[in-house]
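Right, one structure below, let's go through it.
Number of protein chains: 2
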Amino acid sequence: MPSNADPLGQSVWTRPPRSRGAQPTLSRAQIVRTAIELLDEKGLDGLSMRRLGERLAAGATSAYWYVATKDELLELVLDEVMGEIEVPEVGATDWRTAATALAHGLRSMILRHPWVTGLFGVRPMMGPNAMRMSDRTVGVLTAAGFSGMDVAYASSLLMSHVIGSATMEAAWKRSITPGTSVSEAVDELRPYIDEVSSRYPHYGAWWRENRGMDPENLQDEGFAFAVERLLDGLQLWLDRRNEAGPA
Amino acid sequence: MPSNADPLGQSVWTRPPRSRGAQPTLSRAQIVRTAIELLDEKGLDGLSMRRLGERLAAGATSAYWYVATKDELLELVLDEVMGEIEVPEVGATDWRTAATALAHGLRSMILRHPWVTGLFGVRPMMGPNAMRMSDRTVGVLTAAGFSGMDVAYASSLLMSHVIGSATMEAAWKRSITPGTSVSEAVDELRPYIDEVSSRYPHYGAWWRENRGMDPENLQDEGFAFAVERLLDGLQLWLDRRNEAGPA
DNA sequence: CTCAAAACTCGTACGCTGTGCGAGTTGCCT
DNA sequence: AGGCAACTCGCACAGCGTACGAGTTTTGAG
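Taken in sequence, the protein lines are chains F and Z. Sequence positions in the first sequence follow the UniProt record's numbering and run 1 to 247. Sequence positions in the second sequence follow the UniProt record's numbering and run 1 to 247.
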């Protein structure tokens, strides 16, 4: 363990960076950037500390001066990509537009970096970028009329849905042979689905009715549909509460 | 690779089990059961093929006769725990009750086996238990009045939300020292949250108003709230459509 | 009953992983 | 000038997934 290891259970985010001494040839930022490069190219399994060292033109274990463990590096990486999402400032638009932007921004980040889905489950996101996003979300929802625990509930509803659906979408995309389009993949699978779905009554019936659909924009449309329904549900709750309140 | 390895890219589910020959001392079912035991005790990282062999009182690589790779074993394991969820048959209750049962059933399965969150993202779920669940879900939603792609959208909305929120809940639970209750954990974290939240305006304001809340049933309440909003949103869409249709 | 083949079990080994350790180098501060 | 802090990195270790092939048991065919 390098000497900057965490003595008191503090997280990566609270520990100050080093300052004096020989000038470093590496940096946290560079390490994180390179790790993301590697992850984008080869996926979560494709990142090993040795490969990272190689790509950095450094020794296999050199990164360990800047990062206590691989898990910690992954925490930094997760927060870094969270920084790619932009949430409108409070008051810039109505809350529905802002929430929609948040949802779509988060989703497209995940589709850009599908390996993040493997990182969401491990530790709660507390990095500065994730916090900044939470902060804006809280602001937007508060301005919309939510208060108290409802804010937390609504924001978690939003985030959870996006994370869940993008996780499943990424899983599906990963399972098709790379390079083929969605339509081609579905065409390939069609006989198999025919066979399987025939054994399940409701699913089979649905499939017989809908096997002709164009699968190209299905994921996008499904996501947009879900976000609308979800915001409808929240809006309805606000409306009902406003009706009941001033009575 | 054992000789029953998949020659044509078929999945685990289509390959028939072995029949003739020396009577086996192991079985797929037993292997899967033991793997789940180990996973429940030690988490995703705690499962190694060697440990599995040990616990089975067998050689380190013996399980490889029944399972081509560890990933395949995990696919079986995932489907096995999916079998723990019960979805009401179509017509047994109104669709809202059925959907609520599905959501809560899936959530409590995930909280019982938190390691599954690491499995959702890797491959689409196509095992028999997952299919059975999808089938019932499709049935319930069709009976409710959804049709065509809406069925897929609505069912994915439901599942995605549960998976996302349970993933984040499991992450949070994992990060607190085991054995301490939720309230104790929050009490421990309180000074840290005070410090962090002060740097984020909206989040900080929200925290100052709400730092006194009782965190004990927060997760449960938040989940129930979200499911209600989500079903409201779907219901509203059905209503609007029924209004517009017969006009 | 005989016997080859099928059905399994498992010890060994290979290449990979994360990372602790300690010796080596560099450059600032007194 | 000298010492120490800041870094770099080769080596080694324990553990991983799993390919391989030799060993054991049971079966069905002749």
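We put the beta carbon where it would ideally sit given N, CA and C, even for glycine.
Does the beta carbon of asparagine 210(Z) sit closer than 8 Å to a beta carbon anywhere in chain F? Yes, asparagine 210(Z) lies at the interface with chain F (some Cβ there is under 8 Å from its Cβ).
Within 8 Å of any Cβ in chain F, is that where the Cβ of proline 191(Z) sits? Not closer than 8 Å to any Cβ of chain F, the Cβ of proline 191(Z) fails to qualify, so no.
What residues from chain Z crowd round isoleucine 163(F), counting only those whose CB sits closer than 9 Å? Those within 9 Å of isoleucine 163(F) in chain Z are Ser160, Ile163, Gly164, Ser165, Thr167, Met168.
Following a CB-centred definition, is valine 196(F) positioned closer than 7 Å to any heavy atom of the ligand NAD? No copy of the ligand NAD occurs in the structure displayed, which carries no ligand at all.
Under a three-way DSSP split, which group does valine 186(Z) fall into? If DSSP states are grouped into helix, strand and coil, valine 186(Z) belongs with the helices.
DSSP state of residue 298(F), grouped into three classes? As displayed, chain F neither begins before 1 nor continues past 247, which places residue 298(F) out of reach and without an answer.
From what residue to what residue does the alpha helix (DSSP H) around tryptophan 65(F) run? Neither: tryptophan 65(F) is in no alpha helix (DSSP H) and is coded neither H nor E.
Which residues, taken in chain order from the stretch 139-152 of chain F, show a beta carbon closer than 7 Å to some beta carbon of chain Z? Per Cβ criterion, the list reads Gly139, Thr142, Gly148, Met149, Val151, Ala152.
Short check: CB of leucine 189(F) to CB of arginine 96(F), under 8 Å? Leucine 189(F) is not a Cβ neighbour of arginine 96(F), given a cutoff of 8 Å.
To which residues of the same chain is arginine 136(F) closer than 6 Å at the C-beta, ignoring the five residues directly before and after it? Only Val87 meet the Cβ criterion.
Backbone CA spacing between threonine 61(F) and methionine 49(F) [nearest angstrom]: Note on geometry: alpha-carbon atoms of threonine 61(F) and methionine 49(F) lie some 7 Å from one another.
DSSP three-state call for aspartate 135(F): helix, strand or coil? In this structure, aspartate 135(F) counts as helix in the three-state DSSP scheme.
Report all residues from its chain with a CB closer than 8 Å to the CB of threonine 100(Z); omit the five preceding and five following residues, and keep chain order. If we look at threonine 100(Z) and ignore the five residues flanking it on each side, its Cβ neighbours are Val227, Leu231.
Determine the contact status of glycine 164(F) and alanine 152(Z), defining contact as a CB-CB distance below 8 Å. It is not a contact, given that the beta carbons lie outside the stated cut-off.
In this structure, does DSSP put glycine 21(Z) in helix, strand or coil? Note that glycine 21(Z) scores a pLDDT of 49, beneath 50, so its modelled location is shaky; the value from the coordinates is reported in the next line. In the structure shown, glycine 21(Z) sits in coil (DSSP, three-state: anything other than H, G, I, E or B).
Which first and last residues belong to the alpha helix (DSSP H) in which methionine 49(F) is found? 49-55 is the extent of the alpha helix (DSSP H) around methionine 49(F).
Please tell me whether methionine 49(Z) has its Cβ less than 8 Å away from any Cβ of chain F. Chain F, which has no Cβ nearer than 8 Å to the Cβ of methionine 49(Z), makes this no.
Would you mind telling me which residues of chain Z sit closer than 7 Å to threonine 69(F), beta carbon to beta carbon, in chain order? Here the premise fails: no neighbours, minimum Cβ distance about 13 Å.
Would a check of beta-carbon distances place arginine 28(Z) closer than 8 Å to chain F? Not one chain F Cβ lies under 8 Å of arginine 28(Z).
For arginine 123(F), the three-state DSSP class (helix, strand or coil): In the structure shown, the three-state DSSP call for arginine 123(F) is coil.
Euclidean distance between Cα positions of leucine 52(Z) and glycine 59(Z): Approximately 9 Å between the Cα atoms of the pair.
Counting only beta-carbon atoms, is tryptophan 65(Z) nearer than 8 Å to chain F? Under the 8 Å criterion on CB atoms, tryptophan 65(Z) is classed as non-interfacial with respect to chain F.
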